[in-house]
Every structure is written in C-alpha cells, then in structure tokens.
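Residues 4 to 240 (the working numbering) are what the sequence shown spells out, left to right. Where a beta carbon is used, it is the ideal one built from N, C-alpha and C, also for glycine. Given the structure is predicted, the values throughout are model-derived calculations rather than measurements. See below for the structure under consideration.
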Amino acid sequence: MESPSVTSVVLLACGSFNPITNMHLRMFELARDHLEDTGQYKVVSGIISPVGDGNKKKGLIEASHRLEMARLATENPNWITVDSWESLQPEWVETVAVIRHHYEKLLETQHNCDEMDTYEASSHQKRRDGPQVMLLCGTDILESFGVPNLWRQEEITEIMGRYGLVCITRSGFKPHEFKSDVLWKHRRNIHLVHEWVTTDTSCTKDVRLALRRGQSVRYLLPDAVVSYIQQNDLYIA
Numbered sequence: 004m005e006s007p008s009v010t011s012v013v014l015l016a017c018g019s020f021n022p023i024t025n026m027h028l029r030m031f032e033l034a035r036d037h038l039e040d041t042g043q044y045k046v047v048s049g050i051i052s053p054v055g056d057g058n059k060k061k062g063l064i065e066a067s068h069r070l071e072m073a074r075l076a077t078e079n080p081n082w083i084t085v086d087s088w089e090s091l092q093p094e095w096v097e098t099v100a101v102i103r104h105h106y107e108k109l110l111e112t113q114h115n116c117d118e119m120d121t122y123e124a125s126s127h128q129k130r131r132d133g134p135q136v137m138l139l140c141g142t143d144i145l146e147s148f149g150v151p152n153l154w155r156q157e158e159i160t161e162i163m164g165r166y167g168l169v170c171i172t173r174s175g176f177k178p179h180e181f182k183s184d185v186l187w188k189h190r191r192n193i194h195l196v197h198e199w200v201t202t203d204t205s206c207t208k209d210v211r212l213a214l215r216r217g218q219s220v221r222y223l224l225p226d227a228v229v230s231y232i233q234q235n236d237l238y239i240a
C-alpha cells in the first residue's frame, strides 16, 4: 500500500504545441520519474493544454489542427490526455486561469466520488486530500518569470505558492544564478529536473523551418503527427 503521506499529482503542460514533438512527451516522463523518485509523490495523470487562436502568436496554426496532432501523439502514453478547454476560449487565457480550471475540475470529480463513498469522512477533508496540480514547463518559462512586466506578480505567486512547478532544465542552466525574490520564497515548490540527453533540434521553431523547406522531421515528431501534417499541408507557407 502507498503511504498516506504520498501526494497524488496531475502534471499540466500549457503551450502552443505548434506542433507537438517527442520532446514535449518526454518532459512528462522525466517529470514523473523525478517526482516519484522522491518517494513523496505519485503522478496519476498528465494533461496537455494547447493555447487558443486568441494567442495571436506569429506562425500559430489553427487550434483544431494542434489539438488533433496532440491527440494523435498521446494515443500511446494513455496516462497523458489532451484537454480542449483553453484552446476553445475566444480570448487568450492566463496560465494561472488554466491551472485554476483544471484544479476546480479535479475538485468536482473528487466531490462526486466522495458522494459515492460509503465510509464516513467530511467533504472538506476529502477535497483537501485530492490530487495536486503542478505546472510542467521548460527552462524558458521559469526564466521568463524574471522578465519585468511579462507576468503579473500575483500570477507567479499563485502558481508557485498554491500549485507548484516542475521545470525540465536544459544544459547550462544555473538555477542558483536566477534572481527572483518570488521564486526564492517558493523555491520548495519548484522541482528542477535535469535532462541529460538533450537535443536542440526538438525546438518547434526548428521543426517548422524543416517542414517549410521540405526536410525530414521523422523521429522529432510522432509518426502519426508527421502523417497528419503531410495530409493537411501544414507549415508549408
């Protein structure tokens, strides 16, 4: 039996996924290994949440295509799912609002399970024991927290203080040199995971460049995603 002190975790990755790559999926595997190796956490699921068309990022293709590619990519690792809520919003949604949405959705699911439970325990106590949502990201997101006026301080505080963050770090990243009072205050809620086998060619910008030039992207993307891109003539302009 698992120790009652082990915390259940849901990993949430927000981003463009334009397109989704094998490295995006590998981030989930790395994060799960790291958290469970501590003996304090059990990763129960992972969620991929692509941004909506309201993001207006240059080169961003329609959310419907990015959602379908993400679904195709996650057919095999069945513990990772794709959620369409963020991508269906007409306007850009702050990351913290996306985390709140999934946290509240988990609470609702937990509450429904509580009503079916036969042993005596208060709803409040049961909710508190529900899964913890952690934001999964790369080093670029963590570094962006230190860029003036890019994130609201309240947003960073809520993400770090209430939920937590798992960051897959790249080669050469030195967290001790990162200057941020907010991150320092909540440093115990930040889990840094070092990826020892790295490749810069997993960058989606490089993938899109290769696609525009008609070059092979096999082994950078799941085969089903490559087929979908070819069938729909994506990233050629």
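Tell me, to the nearest whole angstrom, how far the beta carbon of M137 is from that of L14; I am working on the premise that it is less than 8 Å. 6 Å
Of the residues W199, M163, I171, R173, the one placed nearest W187, counting alpha carbons only: M163
From the DSSP output, in three-state form, read off K45 for me. strand
Decide if the region 28-42 is in contact with the region 188-200; the criterion is three or more beta carbon pairs, one per stretch, under 8 Å apart. yes
Would you kindly work out how many angstroms separate the C-alpha atoms of E146 and L139, rounded to a whole number? 14 Å
Bridge partners for C170 per DSSP, in chain order? C140, L195
In the DSSP assignment, what are the bridge partners of I64? In the DSSP output, where bridge partners are listed per residue, I64 has none listed.
Starting from V13, trace the beta strand (DSSP E) in both directions and tell me its first and last residue. 10-18
By the DSSP assignment, the alpha helix (DSSP H) with I239 in it spans what residues? Careful: I239 lies outside any alpha helix (DSSP H) and carries neither H nor E.
Using only CA atoms, which one of D56, N58, P22, S8 lies nearest to Y238? P22
Cβ of T172 within 8 Å of Cβ of T207? no
Measure from the alpha carbon of K108 to the alpha carbon of each residue in P93, Q218, Q135, then state which is nearest. Q135
Helix, strand or coil at D226 [DSSP, three-state]: helix
Buried/exposed call for L91, threshold 16 Cβ in 10 Å: exposed
Please name the residue in V46, R216, A16, R69 whose C-alpha comes closest to that of N235. R69
Sorted by chain position, which residues of the same chain lie with C-beta nearer than 6 Å to P225's C-beta, five sequence neighbours on each side aside? A76
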